[in-house]
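What follows is a single structure, written as structure tokens, with notes after it.
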Amino acid sequence: MGQKGGAVMIQRNKRRSTFEVLKEMQEYREIFKDRPDQEIWVTPEEAARLLGRERFTVSEWCRLGKVHARKQRSGRWQISFTEIERYLREGLLQDKQKYRYVR
0 MGQKGGAVMI
10 QRNKRRSTFE
20 VLKEMQEYRE
30 IFKDRPDQEI
40 WVTPEEAARL
50 LGRERFTVSE
60 WCRLGKVHAR
70 KQRSGRWQIS
80 FTEIERYLRE
90 GLLQDKQKYR
100 YVR
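Its first residue numbered 0, the sequence shown is counted upward by one per residue in numbering that gives the first Met the number 0.
Here it is, written out as structure tokens:
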């Protein structure tokens, strides 16, 4: 946080380079290296932090089908690391994709 003219300014999520994102994702993979065949899923909050976006933006991408995501029965979204990597390479999806519920 910084101050400007007596007002407190909250620093927004800073956009990050692809290299920074991939490096942090590799650190996550190191944590789960004992389960290499299992996909790593993150919440929109975690994906937003990785990508330097707002949580609301990532949640809207999920809702609108702009990224492949799954929705749990509790209503919470999950995005896979594979999808985050696809987004970094190709960008947002153009056609709306139907999300899937997780049992």
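Glycine included, each C-beta is placed from N, C-alpha and C at the ideal position.
Note that the structure is a prediction, hence the values are computed from the model and not measured.
Please list the segments of the beta strand (DSSP E) lying wholly inside the region 33 to 61, counting only runs of 3 or more residues, in order along the chain. You should have found no qualifying run.
If the criterion is Cβ atoms closer than 9 Å, does the pair Glu38 and Val57 meet it? Counting from one through the sequence shown, the residue named residue 38 turns up at place 39. Counting from one through the sequence shown, the residue named residue 57 turns up at place 58. No. Outside cutoff.
Tell me the rounded alpha-carbon separation between Ile83 and Leu50. Within the sequence shown, numbered from 1, the residue matching residue 83 stands at position 84. Within the sequence shown, numbered from 1, the residue matching residue 50 stands at position 51. Distance between the alpha carbons of Ile83 and Leu50 is about 9 Å.
Within its chain, find whatever has a CB closer than 6 Å to the CB of Ser79; leave out the 5 residues flanking it on each side and keep chain order. As a position in the sequence shown, residue 79 is number 80, starting the count at 1. Closer than 6 Å at Cβ, skipping near neighbours: Glu38, Trp40.
Are there 16 or more other CB atoms within 10 angstroms of the CB of Lys22, so buried, or fewer, so exposed? Indexing the sequence shown from 1 puts residue 22 at position 23. Its Cβ having fewer than 16 others within 10 Å, Lys22 is exposed.
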